[in-house]
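S.K.:
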Amino acid sequence: MRALSERRIVDAAFLADPYPTYRALRDAGPLHWSDEFFGGAWLLTRHADVEAVLRDPRFSAQRTGGWINDVEAQRGEFARFQRLFSRALLFLDAPEHTRVRHLLQAAFRPDALAQLRPRIEHITDSLLDAIDPTAPFDAMACLARVLPVRVISTLLLGTDAAAGPDMLRWSDDLAAFIGAPQPSRALAQRAQRSVLAMTAFFARQLDAAPDTAAPSLLGLLRQAREQGALKDDAELLAQCAMLLFAGHETTRNLLGNGLLALLTERDAWQTLHHDPQHLPGAVRELLRYDSPVQYSGRRVTTTLILHGQQLRRGDLVLPLIGSANRDPARHAQPDHLDIARPDPGALSFGSGMHACLGAALTRMEAEIVLRRLLARWPDLRLAVAPQQLQWCGNPAYRGLQRLPLACR
Ligand code: HEM
Numbered sequence: 044m045r046a047l048s049e050r051r052i053v054d055a056a057f058l059a060d061p062y063p064t065y066r067a068l069r070d071a072g073p074l075h076w077s078d079e080f081f082g083g084a085w086l087l088t089r090h091a092d093v094e095a096v097l098r099d100p101r102f103s104a105q106r107t108g109g110w111i112n113d114v115e116a117q118r119g120e121f122a123r124f125q126r127l128f129s130r131a132l133l134f135l136d137a138p139e140h141t142r143v144r145h146l147l148q149a150a151f152r153p154d155a156l157a158q159l160r161p162r163i164e165h166i167t168d169s170l171l172d173a174i175d176p177t178a179p180f181d182a183m184a185c186l187a188r189v190l191p192v193r194v195i196s197t198l199l200l201g202t203d204a205a206a207g208p209d210m211l212r213w214s215d216d217l218a219a220f221i222g223a224p225q226p227s228r229a230l231a232q233r234a235q236r237s238v239l240a241m242t243a244f245f246a247r248q249l250d251a252a253p254d255t256a257a258p259s260l261l262g263l264l265r266q267a268r269e270q271g272a273l274k275d276d277a278e279l280l281a282q283c284a285m286l287l288f289a290g291h292e293t294t295r296n297l298l299g300n301g302l303l304a305l306l307t308e309r310d311a312w313q314t315l316h317h318d319p320q321h322l323p324g325a326v327r328e329l330l331r332y333d334s335p336v337q338y339s340g341r342r343v344t345t346t347l348i349l350h351g352q353q354l355r356r357g358d359l360v361l362p363l364i365g366s367a368n369r370d371p372a373r374h375a376q377p378d379h380l381d382i383a384r385p386d387p388g389a390l391s392f393g394s395g396m397h398a399c400l401g402a403a404l405t406r407m408e409a410e411i412v413l414r415r416l417l418a419r420w421p422d423l424r425l426a427v428a429p430q431q432l433q434w435c436g437n438p439a440y441r442g443l444q445r446l447p448l449a450c451r
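Anchor point for the sequence shown: position 390 equals 433 in the working numbering, and the numbering is continuous, going up by one each time.
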């Protein structure tokens with residue numbers, strides 16, 4: 044018999060601050076069944092279990108079928124979307140996963156990222172130059188929402204010329220669908236339209252003459268396709284769509300959530316102003332404290348017993364990263380932001396074979412932005428009370444709608 048969690052989890056209070064709910068769930072036990080997610084899923088609350096499941100091949104990353112079945116799969120309405128997106132690295136198991144990850148990894152090596160650094164610095168400076176410091180401004184609109192999409196576009200295409208409202212909309216539609224606990228048919232339709240538009244865009248880029256002067260991940264993938272290391276164009280395009288979404292949605296929320304935390308905990312901001320060498324550790328801690336990715340998903344491949352419960356083949360399991368990162372069994376005073384915390388070994392980037400490929404890139408982006416903000420506007424502060432801030436309403440990808448700031 045399944046242990047049913049009777050309480051409703053995702054409500055306005057949870058979206059504004061999920062951590063009290065996670066604490067209550069953790070205190071009540073390590074594993075809960077909830078009908079609220081995708082028609083029913085197991086929720087894992089503790090660091091040790093979240094890490095173990097992310098590393099255990101009995102829990103498969105192939106989970107896209109479930110999302111869409113719940114919506115309208117019988118009619119095959121979402122078949123194209125499902126077929127395509129299920130080939131993205133994030134949803135593959137070995138050996139397919141090993142093959143595709145190996146190809147993508149080259150673009151995230153330290154030497155490749157070092158080449159991107161001056162571009163990121165330049166984009167950041169130009170965005171900050173465009174802000175009028177004499178009036179409050181929305182840091183999400185002016186910075187967090189626009190920088191990551193330009194960076195991921197530069198990585199993919201060698202230029203950020205095409206990084207505009209279309210890319211933002213495509214990525215947002217996909218995030219709204221993937222992050223919804225019960226995706227509606229309308230959300231699935233929008234996500235499908237956007238994924239198809241995204242892949243059509245990348246297909247046009249693929250057909251265009253390669254620009255050898257600007258190295259790009261697309262060029263690398265094109266080469267892999269020509270050499271047969273990628274099976275077909277659809278496999279290649281699925282990786283592009285995933286990277287656009289993964290590179291934008293998450294980094295945006297690291298910048299927003301991170302700035303909010305630092306400006307709320309003013310001492311941390313002051314410490315960083317006087318001692319920017321703490322920045323790498325601070326970014327790690329910000330990722331733990333308010334993680335942009337709050338949970339992932341896995342499907343059980345074989346019946347097994349976990350914490351006395353029987354998990355059946357096909358069951359969906361949600362490792363709650365946001366809860367694991369506040370688990371007192373792993374982190375001392377987990378609800379306290381401590382930028383000097385020794386490497387907390389948090390699970391913000393996952394763990395095991397699917398651990399985030401973009402971790403070093405996103406950390407570099409955050410460090411560049413924070414370093415520049417601290418130097419330019421040391422008196423930066425929130426322009427509204429924290430209770431007035433509105434969150435996006437996406438329980439998986441936690442982020443702010445707006446972050447009004449003032450420079451003095
Ligand atoms: C704050 C920023 C980010 C966070 C919190 C984050 C978080 C994560 C997490 C938790 C996973 C593992 C998911 C799982 O095991 O199911 C993951 C995987 C992944 N991330 Fe990120 N990510 C971030 C930024 C990025 C960026 C900037 C990129 C690319 C430019 C990226 C690309 C990927 C890819 C390709 C995977 C799949 C890896 C695989 O399946 O082998 N991420 N990320």
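Heads up, the beta-carbon is just placed ideally off N, CA and C, and yes, glycines get one too. Please read all numbers here as calculations on a predicted model, not as lab measurements.
Just to check, is the beta-carbon of Ser391 closer than 6 Å to a non-hydrogen atom of ligand 1?
M.R.: Reading the sequence shown from its first residue, position 348 is the one you call residue 391. Ser391 Cβ: within cutoff of ligand 1.
S.K.: Can you tell me whether DSSP reads Val53 as helix, strand or coil?
M.R.: Translated into positions along the sequence shown, residue 53 becomes position 10. Three-state DSSP puts Val53 in coil, outside helix and strand.
S.K.: Going by DSSP, what residue range makes up the alpha helix (DSSP H) through Gln105?
M.R.: In the sequence shown, residue 105 corresponds to position 62, counting from 1. That residue, Gln105, is in no alpha helix (DSSP H); it is neither H nor E in DSSP.
S.K.: Assign Trp420 to one of three DSSP states: helix, strand, or coil.
M.R.: Against the sequence shown, residue 420 aligns to sequence position 377. In this structure, Trp420 counts as coil in the three-state DSSP scheme.
S.K.: Quick one, which of Ser366, Ala184, Leu390, Glu120 has its alpha-carbon nearest Ala231's?
M.R.: Start at 1 with the first residue of the sequence shown, and residue 231 comes out as number 188. Nearest of Ser366, Ala184, Leu390, Glu120 to Ala231, Cα basis: Glu120.
S.K.: By DSSP, does Tyr338 sit in helix, in strand, or in coil?
M.R.: Here residue 338 refers to the residue found at position 295 when the sequence shown is read from its first residue. Note: Tyr338 maps to coil in three-state DSSP.
S.K.: Tell me the residue span of the beta strand (DSSP E) that contains Pro138.
M.R.: Start at 1 with the first residue of the sequence shown, and residue 138 comes out as number 95. Taken as a continuous stretch (DSSP letters only), Pro138 belongs to no beta strand (DSSP E), as it is neither H nor E.
S.K.: Verify the CB distance criterion: does Arg451 have a CB-CB separation below 7 Å to chain C?
M.R.: As a matter of chain content, chain C is missing from the structure shown, which is built from one protein chain.
S.K.: Between the Cα of Thr197 and the Cα atoms of Leu287, Ala234, Gln125, Val53, which residue gives the shortest distance?
M.R.: Counted from its first residue, the sequence shown places residue 197 at position 154. Minimum Cα distance to Thr197 is reached at Leu287.
S.K.: Considering just the uninterrupted stretch of the alpha helix (DSSP H) at Ser266, what are its terminal residues?
M.R.: Here residue 266 refers to the residue found at position 223 when the sequence shown is read from its first residue. First, the residue type needs correcting, since residue 266 is Gln and not Ser in the sequence shown. Taken as a continuous stretch (DSSP letters only), the alpha helix (DSSP H) holding Gln266 covers 260 to 269.
S.K.: Ligand 1 heavy atoms versus the CB of Thr405: any closer than 6 Å?
M.R.: Residue mapping note: residue 405 aligns to position 362 of the sequence shown, counting from 1. Answer for Thr405: yes, Cβ within range of ligand 1.
S.K.: Taking the alpha helix (DSSP H) that His75 falls in, what are its first and last residues?
M.R.: The residue labelled residue 75 in the question sits at position 32 within the sequence shown. Per DSSP, His75 belongs to no alpha helix (DSSP H); it is in the beta strand (DSSP E), 74 to 77.
S.K.: Straight-line CA distance for Gln352 to Gly262?
M.R.: Here residue 352 refers to the residue found at position 309 of the sequence shown. Here residue 262 refers to the residue found at position 219 of the sequence shown. Approximately 48 Å, taken between the alpha carbons.
S.K.: Given the structure, does Pro447 come close to ligand 1, in the sense that its CB is under 6 Å from one of the ligand's heavy atoms?
M.R.: Taking the sequence shown and counting its residues from 1, one reaches residue 447 at position 404. Answer for Pro447: no, Cβ out of range of ligand 1.
S.K.: Whose C-beta lies closer than 6 Å to the C-beta of Gly455 among residues of the same chain, with five residues either side of it excluded?
M.R.: The shown model of the chain, from 44 to 451, leaves out residue 455, and the question about it has no answer.
S.K.: By a C-beta neighbour count over all protein chains shown, 10 Å radius and 16 as the cutoff for buried, is Asp203 buried or exposed?
M.R.: Residue mapping note: residue 203 aligns to position 160 of the sequence shown, counting from 1. Buried: at least 16 other Cβ atoms inside 10 Å.
S.K.: How long is the line joining the alpha carbons of Asp168 and Ala229, rounded to whole angstroms?
M.R.: The residue you call residue 168 lines up with position 125 of the sequence shown. The residue you call residue 229 lines up with position 186 of the sequence shown. Near 39 Å, if we compare the C-alpha coordinates of Ala229 and Asp168.
S.K.: Do you know how far the Cα of Phe392 is from the Cα of Ala403?
M.R.: Counted from its first residue, the sequence shown places residue 403 at position 360. Counted from its first residue, the sequence shown places residue 392 at position 349. So the two alpha carbons sit approximately 10 Å from each other.
S.K.: Let me know if Glu94 comes out buried or exposed under the rule of 16 or more other beta-carbons within 10 Å of its beta-carbon.
M.R.: Position 51 of the sequence shown, counted from the start, is the residue given in the question as residue 94. Buried: at least 16 other Cβ atoms inside 10 Å.
S.K.: Taking the beta strand (DSSP E) that Pro362 falls in, what are its first and last residues?
M.R.: The residue you call residue 362 lines up with position 319 of the sequence shown. Start and end: 359 to 362.
S.K.: Take the Cβ of Glu269 as the centre, count every other Cβ of all protein chains shown within 10 Å, and call the residue buried at 16 or more, exposed below.
M.R.: Counting from 1 along the sequence shown, the entry for residue 269 is found at position 226. The residue is exposed, with fewer than 16 neighbouring Cβ atoms inside 10 Å.
S.K.: Taking three-plus beta-carbon pairs below 8 Å as touching, is the region 155 to 174 in contact with the region 399 to 414?
M.R.: The answer is yes - the region 399 to 414 touches the region 155 to 174, with three or more Cβ pairs under 8 Å.
S.K.: Identify whether Gln282 lies in helix, strand or coil by the three-state DSSP scheme.
M.R.: Taking the first residue of the sequence shown as 1, we reach residue 282 at position 239. If DSSP states are grouped into helix, strand and coil, Gln282 belongs with the helices.
S.K.: Whole angstroms is fine: what's the gap from Arg89's alpha carbon to Ala251's?
M.R.: Taking the first residue of the sequence shown as 1, we reach residue 89 at position 46. Taking the first residue of the sequence shown as 1, we reach residue 251 at position 208. Going from the Cα of Arg89 to the Cα of Ala251 covers about 48 Å.
S.K.: With distances taken Cα to Cα, identify the nearest neighbour of Tyr338 among Ser394, Arg152, Met407.
M.R.: To locate residue 338, count along the sequence shown from 1; it is residue 295. Of Ser394, Arg152, Met407, the residue nearest in Cα terms is Ser394.
S.K.: Exposed or buried, His291, counting other C-beta atoms within 10 Å across all chains shown (16 or more means buried)?
M.R.: Looking up residue 291 in the sequence shown gives position 248. It is buried - the Cβ of His291 has at least 16 other Cβ atoms within 10 Å.
S.K.: What is the rounded straight-line gap between the Cα of Asp333 and the Cα of Gly365?
M.R.: The residue given as residue 333 occupies position 290 in the sequence shown. The residue given as residue 365 occupies position 322 in the sequence shown. Whole-angstrom Cα-Cα distance: 7 Å.
S.K.: Let's see if you can read the secondary structure: which residues bound the alpha helix (DSSP H) around Leu249?
M.R.: Mapped onto the sequence shown, residue 249 falls at position 206. Unbroken alpha helix (DSSP H) run through Leu249: 228 to 250.
S.K.: I need the straight-line Cα distance from Arg106 to Gly340, nearest angstrom please.
M.R.: Taking the sequence shown and counting its residues from 1, one reaches residue 106 at position 63. Taking the sequence shown and counting its residues from 1, one reaches residue 340 at position 297. Cα-Cα distance, rounded: 7 Å.
S.K.: Assuming Val191 contacts Arg66 (C-beta within less than 8 Å), just tell me the rounded distance between them.
M.R.: Residue numbering aside, residue 191 sits at position 148 when the sequence shown is read from its first letter. Residue numbering aside, residue 66 sits at position 23 when the sequence shown is read from its first letter. Here residue 191 is Pro; the residue named in the question, Val, does not match the sequence. Contact flag wrong, Cβ pair sits at about 30 Å.
S.K.: Should Ser339 be listed as close to ligand 1, given that the test is whether its C-beta is under 6 Å from any heavy atom?
M.R.: The residue labelled residue 339 in the question sits at position 296 within the sequence shown. Yes, the Cβ of Ser339 comes within 6 Å of a heavy atom of ligand 1.
S.K.: Put Val343 into one of helix, strand or coil per three-state DSSP.
M.R.: Numbered from its first residue, the sequence shown carries residue 343 at position 300. In the structure shown, Val343 sits in a strand (DSSP, three-state: E or B).
S.K.: If Trp434 sits next to Leu186, beta carbons under 8 Å apart, how far is it from one beta carbon to the other, in whole angstroms?
M.R.: By one-based count along the sequence shown, residue 434 stands at place 391. By one-based count along the sequence shown, residue 186 stands at place 143. Between Leu186 and Trp434 the Cβ distance is about 18 Å, and since that is not below 8 Å, they are no contact.
S.K.: So, helix, strand or coil for Ile174, using DSSP?
M.R.: Position 131 of the sequence shown, counting from 1, holds the residue named residue 174. Correct three-state label for Ile174: coil.
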